[in-house]
């Protein structure tokens, strides 16, 4: 039987139908995670590398792309990776934290599958198990706007990534011994930029290779992320201003800055124009709010330039008041077209009624003579069975208890309790979270699975009357916020992403010693419209390892 040839109209309809059902593009990555001997601060030490790189390879994609990362663990202990700032819509199975995933055992592999749904911006990944973050293993994630969505600036000549952060030279077992014995990690040994700790010299080495190169007259995008463990970092260039264009997935009002404070876990994008005389210049990264300032530099070279860097180094700002004013100057660009990481219309967040207020108060104390950090008097401990798996398999009552902390703790108890800390949250509620910091150091907080509106940071204690000072128009939608000593900060968000989501301190030491919790956001309908099923290849451990899998969600 001979089939009739399709008409031109039929072919057009077939093409349109195919396009309508086409999946978003896939990006595949294979990672080999190993130890290597490197010298970030000039002395050999053991560093975690990915495909023999430190920092690790860049995950680069476009909004709505699907990311597949197959990780082979060649370390001598279990490992997990988390994707700091990637929202994992309906998919906390891929969050890569001890509360959501079983670790990848030595000599085995696991595949992460997630979509950068409706996201743009600058993010990073890092190992979330043990204190592995202290030995590297981190790398950048960049997500671009789709072609048809314009960005509010001319395309730069190129992009440069600068992962900055403090660094410890002590071996991992020594760092773990400090924390497990009840002591703090103490002061870091230096600062690194992309894994290197160069210092500004009075007589620069003329053979020093540049970390970044620029063409005279051209404009470049620099993506900064603070991937450190303890300190806020200030970044600045010799003789070059920075135009801020993006913070953690949001286009911003394009203010000009001589320097920027990048707090733990935060990412910023700036535009820098090569408008000076051809030659070499330094990018400087230095610790903030520390008695002894630690500094690293990276050489920036104009192509063809032969002049050495200027001898004068631009000074970093002093005090947290300057940093607070910088936060207040950062505004969301409401006129820019872009992927919006929040529900449609939520940029009118100032008109949405608050259904719940949760106050988070950080503290430190001793439990059985050992240092612990806490939220509202509760210090989180990871159970053997990941919290999300226990909940999904219906055995949560055998692993943890919900709501061990109160929404308003009143006077935070001096005695710290150690237990898994899980807070029940109502799906799609619009909530306000207030962070109070009674301590003497700057704190940073990151919320997984969401972007929130950072509406205020102010001195003193929070009261409901302080809402009159909120920015209810153009607060930046982001995933981290800093809280200065003796201050409070407020964020607002819609809990529209079902799953088990981690709220954690930006300090690795504080997170390791309990300053974190999980929000359990369950969809009442248990539907695929709201949350994905447990993946077929998901690793199982703890008490659920040999249990039959629960009934699958359906639409």
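In mature numbering (1 follows the signal peptide of the UniProt record, and there is no 0), the protein residues as written are -22 to -1, 1 to 533.
Heads up, the beta-carbon is just placed ideally off N, CA and C, and yes, glycines get one too.
In the DSSP assignment, what residue or residues form a beta bridge with residue i?
{"i": "residue 201", "result": "139, 247"}
{"i": "residue 48", "result": "8, 89"}
{"i": "residue 13", "result": "26"}
{"i": "residue 239", "result": "212"}
{"i": "residue 258", "result": "279"}
{"i": "residue 478", "result": "498"}
{"i": "residue 38", "result": "120"}
{"i": "residue 456", "result": "430"}
{"i": "residue 163", "result": "None, per the DSSP bridge assignment."}
{"i": "residue 133", "result": "Per DSSP, none; premise fails for residue 133."}
{"i": "residue 402", "result": "498"}
{"i": "residue 31", "result": "28"}
Go through its chain and collect everything with a Cβ distance to residue i's Cβ below 7 angstroms, but skip five positions before and after it.
{"i": "residue 545", "result": "Limits of the chain in this structure are -22 at one end and 533 at the other, which puts residue 545 out of reach."}
{"i": "residue 320", "result": "Only weak support exists for where residue 320 lies, its pLDDT of 49 falling under 50; the coordinates are left without a value."}
{"i": "residue -13", "result": "The predicted position of residue -13 is uncertain, since its pLDDT is 40 and thus under 50; a value taken from the coordinates is nonetheless stated next. For residue -13, where only same-chain residues beyond five positions count, there are no Cβ hits under 7 angstroms."}
{"i": "residue 322", "result": "Because residue 322 sits at a pLDDT of 44, beneath the cut-off of 50, its placement in the model cannot be relied upon, and the following sentence gives the value as read from the coordinates. Closer than 7 angstroms at the Cβ level, and outside the excluded window around residue 322, lies no residue."}
{"i": "residue 134", "result": "197, 198, 199, 249"}
{"i": "residue 4", "result": "44, 46"}
{"i": "residue 374", "result": "368"}
{"i": "residue 522", "result": "363, 367, 368, 371, 373"}
{"i": "residue 70", "result": "78, 366, 427, 477, 478, 479"}
{"i": "residue 418", "result": "463"}
{"i": "residue 315", "result": "127, 128"}
Do the CB positions of residue i and residue j come within less than 9 angstroms of each other?
{"i": "residue 50", "j": "residue 72", "result": "no"}
{"i": "residue 412", "j": "residue 533", "result": "no"}
{"i": "residue 468", "j": "residue 460", "result": "no"}
{"i": "residue 458", "j": "residue 244", "result": "yes"}
{"i": "residue 200", "j": "residue 141", "result": "no"}
{"i": "residue 312", "j": "residue 222", "result": "no"}
{"i": "residue 364", "j": "residue 492", "result": "no"}
{"i": "residue 26", "j": "residue 168", "result": "no"}
{"i": "residue 447", "j": "residue 432", "result": "no"}
{"i": "residue 480", "j": "residue 518", "result": "no"}
{"i": "residue 121", "j": "residue 97", "result": "yes"}
{"i": "residue 396", "j": "residue 301", "result": "no"}
{"i": "residue 145", "j": "residue 18", "result": "yes"}
{"i": "residue 118", "j": "residue 37", "result": "yes"}
{"i": "residue 107", "j": "residue 55", "result": "yes"}
{"i": "residue 80", "j": "residue 516", "result": "yes"}
{"i": "residue 42", "j": "residue 8", "result": "no"}
{"i": "residue 557", "j": "residue 483", "result": "No answer is possible for residue 557: it lies beyond the span of the chain, which begins at -22 and ends at 533."}
Please list, in chain order, all residues of the same chain as residue i whose beta carbon is under 6 angstroms from its beta carbon, the five residues on each side excluded.
{"i": "residue 212", "result": "237, 239, 264, 266, 294"}
{"i": "residue 283", "result": "256, 257"}
{"i": "residue 383", "result": "354, 356"}
{"i": "residue 89", "result": "48"}
{"i": "residue 527", "result": "none"}
{"i": "residue 351", "result": "342, 488, 491, 492, 493"}
So, is residue i buried or exposed, given that buried needs 16 or more other C-beta atoms within 10 angstroms?
{"i": "residue 132", "result": "exposed"}
{"i": "residue 246", "result": "buried"}
{"i": "residue 341", "result": "buried"}
{"i": "residue 24", "result": "exposed"}
{"i": "residue 326", "result": "exposed"}
{"i": "residue 208", "result": "buried"}
{"i": "residue -2", "result": "The pLDDT assigned to residue -2 is 44, lower than 50, so where the model puts this residue is not dependable; a value taken from the coordinates is nonetheless given after this. By the neighbour-count rule (16 or more Cβ atoms within 10 Å), residue -2 is not buried but exposed."}
{"i": "residue 334", "result": "exposed"}
{"i": "residue 234", "result": "exposed"}
{"i": "residue 437", "result": "exposed"}
{"i": "residue 557", "result": "As shown, the chain starts at -22 and ends at 533. That puts residue 557 outside it, with no answer to give."}
{"i": "residue 126", "result": "exposed"}
{"i": "residue 537", "result": "The chain is shown only over -22 to 533; residue 537 falls outside these bounds and no answer can be derived."}
{"i": "residue 161", "result": "exposed"}
{"i": "residue 149", "result": "exposed"}
{"i": "residue 82", "result": "buried"}
{"i": "residue 225", "result": "buried"}
With 9 angstroms set as the bound, which would you pick, yes or no: does the beta-carbon of residue i sit closer than that to a beta-carbon of chain C?
{"i": "residue 423", "result": "Within the model displayed, chain C is absent; a lone protein chain is all it includes."}
Counting only the same chain and skipping the five closest in sequence on each side, list residues whose C-beta sits under 8 angstroms from that of residue i.
{"i": "residue 20", "result": "175"}
{"i": "residue 171", "result": "140, 141, 142, 189, 261, 263, 274, 275, 276"}
{"i": "residue 85", "result": "51, 52"}
{"i": "residue 381", "result": "400, 401, 402"}
{"i": "residue 338", "result": "353, 354, 411, 412, 413, 414, 423, 481"}
{"i": "residue 210", "result": "204, 239, 240, 241, 242, 265, 266, 267, 301, 420, 422, 460"}
Using 8 angstroms as the cut-off, classify the Cβ of residue i as near or not near the heavy atoms of the ligand MG, replying yes or no.
{"i": "residue 274", "result": "The ligand MG is not part of the structure shown, which contains no ligands of any sort."}
Contact the region 383 to 401 vs the region 432 to 445: 3+ CB pairs below 8 angstroms: Touching, no, given that fewer than three Cβ pairs across the two stretches are closer than 8 angstroms.
Stretch-stretch touch, CB-based, cutoff 8 angstroms, three pairs: the region 61 to 79 with the region 407 to 421: no
Sufficient close CB pairs (3 or more, under 8 angstroms) joining the region 285 to 293 to the region 482 to 491: no
Segment contact, 8 angstroms Cβ cut-off, at least three pairs: the region 508 to 525 with the region 346 to 355: Cβ pair count under 8 angstroms is below three, so no.
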